[in-house]
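Peer 1: Just passing along the structure, written as structure tokens.
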Amino acid sequence: MRNDYTEKGPGWLAAPLPEDEDLRLQTLRDYEVLDTPKEEAFDSIVSRVAERFRVPVVAISLIDDSRQWFKSCLGLDCHETPREQAFCAHALLEDTVMIVLDASEDFRFRGNPLVTGEPFVRFYAGAPIVAPNGMKIGVLCIMDDKPRGGFSFKDAALLCSMAGDVAAELERRRRLDTCRSSL
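All residue numbers for the sequence shown refer to our numbering, where the first residue is 8 and numbers rise by one.
Take a look at the structure:
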């Protein structure tokens, strides 16, 4: 990592940048997906995730240099949040699913505006969305305003698999765009 966690306020830490941040951002931008309209394929994945995990909030979060932008989301009224507030910026640093059973008790998040105010995040689980070159460009995450007692290995594996579905859809979309532009 390029730097350590940055304290943003009492009980609230911003995630450090990955060591490969420049390449990660270039990989994200190569997809040309930021600030694009809703797409049924991504909305379908989000709906399946919400149904499977029975959570009120699901998002496909792409982590840009200063924000997390939601390609698709359910249960949120916004389309982006500052990166420094993003749980997903922390999850991006993990090799597998990041699980926070109760954010109000986690030293990294208890003072975070997303915990102390809308949407009052308590439970969070996020699986990195990994591009074919190994860069983690975003996170498929689930959230609830109630803490949860546990998240099984099977649940984590399924969330990772569904994050793989997002990555595959991004690749399919990129190949289609490349074909269209070459015509």
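Ideal Cβ placement from N, Cα and C applies to all residues, glycine included.
Can you grab the Cα-Cα spacing for the pair Ser73 / Leu41, in whole Å?
Peer 2: The residue given as residue 73 occupies position 66 in the sequence shown. The residue given as residue 41 occupies position 34 in the sequence shown. Taking the straight line from one Cα to the other gives about 13 Å.
Peer 1: Between the alpha carbons of Leu83 and Thr185, how many angstroms are there, rounded?
Peer 2: Position 76 of the sequence shown, counted from the first residue, corresponds to residue 83. Position 178 of the sequence shown, counted from the first residue, corresponds to residue 185. Cα to Cα, Leu83 sits roughly 32 Å from Thr185.
Peer 1: Which whole-angstrom value is the C-beta distance of Gly18 and Arg117, which I expect to be below 8 Å?
Peer 2: The residue given as residue 18 occupies position 11 in the sequence shown. The residue given as residue 117 occupies position 110 in the sequence shown. Yes, they are in contact, since the Cβ atoms of Gly18 and Arg117 sit about 4 Å apart, within 8 Å.
Peer 1: For Lys78, which residues of its own chain have a beta-carbon under 7 Å away from its beta-carbon, when the five flanking residues on both sides are left out?
Peer 2: For this step, residue 78 is matched to residue 71 along the sequence shown. Answer for Lys78: Val40, Phe49, Ile67, Leu69, listed in chain order.
Peer 1: Does the ligand COA have a heavy atom nearer than 7 Å to the CB of Asp72?
Peer 2: This structure does not include the ligand COA; it has no bound ligands of any sort.
Peer 1: Helix, strand or coil for Arg36? Go by DSSP, reduced to three states.
Peer 2: In the sequence shown, counting from the first residue as 1, residue 36 sits at position 29. It is helical.
Peer 1: For a test of the three-state rule: what should DSSP assign to Ala132, helix, strand or coil?
Peer 2: Position 125 of the sequence shown, counted from the start, is the residue given in the question as residue 132. The answer is strand: DSSP assigns Ala132 an E or B state.
Peer 1: What does a CB cutoff of less than 6 Å around Val128 pick up in its chain, not counting 5 residues either side in sequence?
Peer 2: Mapped onto the sequence shown, residue 128 falls at position 121. Correct list, in chain order: Ala110, Leu121, Val122, Met150.
Peer 1: Which residue from Lys161, Asp172, Pro139 puts its Cα closest to that of Leu35?
Peer 2: Numbered from its first residue, the sequence shown carries residue 35 at position 28. Of the candidates Lys161, Asp172, Pro139, the one whose C-alpha sits nearest the C-alpha of Leu35 is Pro139.
Peer 1: If we require 3 or more residues per run, which beta strand (DSSP E) segments fall completely within the stretch 38-74?
Peer 2: List check, beta strand (DSSP E) in window: 64-70.
Peer 1: Give the DSSP-derived three-state secondary structure of Asp84 in the structure shown.
Peer 2: Locating residue 84 in the sequence shown gives position 77, counting from the first residue. Looking at Asp84 - three-state DSSP - the assignment turns out to be coil, as it is neither helix nor strand.
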